[in-house]
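Asker:
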Amino acid sequence: MPDATARAAPGFGALLWRGLRKKCAVCGGGRLFDGWLTMKERCPTCGFTFEREDGFFLGAFVVNAAVTELGILLVLVASVALTLPDPPLYLLAAGLTAAVVVPIATYPFSKTVWSAIDLAMHPLEPPAKTEL
314 MPDATARAAP
324 GFGALLWRGL
334 RKKCAVCGGG
344 RLFDGWLTMK
354 ERCPTCGFTF
364 EREDGFFLGA
374 FVVNAAVTEL
384 GILLVLVASV
394 ALTLPDPPLY
404 LLAAGLTAAV
414 VVPIATYPFS
424 KTVWSAIDLA
434 MHPLEPPAKT
444 EL
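Residue numbers for the sequence shown follow this note's numbering, beginning at 314 and rising by one.
#1: Using alpha carbons as the reference points, say which of Leu405, Gly342 and Phe361 lies closest to Leu292.
#2: Within a Cβ cutoff of 8 Å, which residues of the same chain sit near Cys359, ignoring the five residues on either side of it in sequence?
#3: Check whether the Cβ atoms of Ala411 and Val388 lie closer than 7 Å to each other.
#4: Taking Tyr420 as part of the alpha helix (DSSP H), name the residues at either end of that continuous run.
#5: Give me the residue from Gly408, Thr381 and Ala379 with the minimum Cα distance to Ala391.
#6: Would you mind reading off the limits of the alpha helix (DSSP H) that contains Val380?
#7: Can you check DSSP and say which residues form a bridge with Phe325?
#8: Do three or more CB pairs link the stretch 394-404 to the stretch 351-369 at distances below 8 Å?
#9: Take Ala433 and list the residues in its own chain whose beta-carbon comes closer than 7 Å to its own, dropping the five residues that flank it on each side.
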């Protein structure tokens, strides 16, 4: 008979939603950052260790780079589309601004989203049952 206190693991959508809101992927708890750029080592609610192995946040770097590239593309495409047939050269400044602002603005989200993606790929193992 299953333990009544055990809950089913959240699905990928729920994990991703938690990450997009800067919440812990495991429990949904908040306050994971001390400032904008400094993530706590563990979730203050459930104690989950975010950096599960050396180099763990390289995936967050990739997520942030992809979002940044998409942001730059959207800014440039929208700017050129709005100024056709003669787009001005200063649109390059808009792209450069996006290249600086987007990664800083999305940095904490990329860490929590990556944590959620990794948790979906490598779920936590249930605690081992001990025989008495």
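Ideal placement from N, C-alpha and C gives every residue a C-beta, glycine not left out.
Answerer: Considering the structure as presented:
#1: There is no way to answer for residue 292, as the model of the chain reaches only from 314 to 445.
#2: For the purposes of this step, residue 359 is taken as the residue at position 46 of the sequence shown. Residues of the same chain with a CB within less than 8 Å of the CB of Cys359, apart from the 5 flanking positions on each side, are Cys337, Val339, Cys340 and Gly342 in chain order.
#3: On the sequence shown, residue 411 is found 98 positions in, with the first residue counted as 1. On the sequence shown, residue 388 is found 75 positions in, with the first residue counted as 1. The answer is yes: Cβ separation under 7 Å.
#4: Translated into the one-based positions of the sequence shown, residue 420 becomes position 107. Its alpha helix (DSSP H) spans residues Leu404 to Met434.
#5: Your numbering for residue 391 matches position 78 in the sequence shown. With distances taken between Cα atoms, Ala391 lies closest to Gly408.
#6: Position 67 of the sequence shown, counted from the start, is the residue given in the question as residue 380. Per DSSP, Val380 belongs to the alpha helix (DSSP H) from Leu371 to Thr396.
#7: In the sequence shown, the residue the question calls residue 325 occupies position 12. DSSP output for Phe325 lists no bridge partner at all.
#8: Judged by pairs of C-beta atoms under 8 Å, the stretch 394-404 does not touch the stretch 351-369, as fewer than three such pairs exist.
#9: The sequence position of residue 433 within the sequence shown is 120, counting from 1. Phe325 and Leu328.
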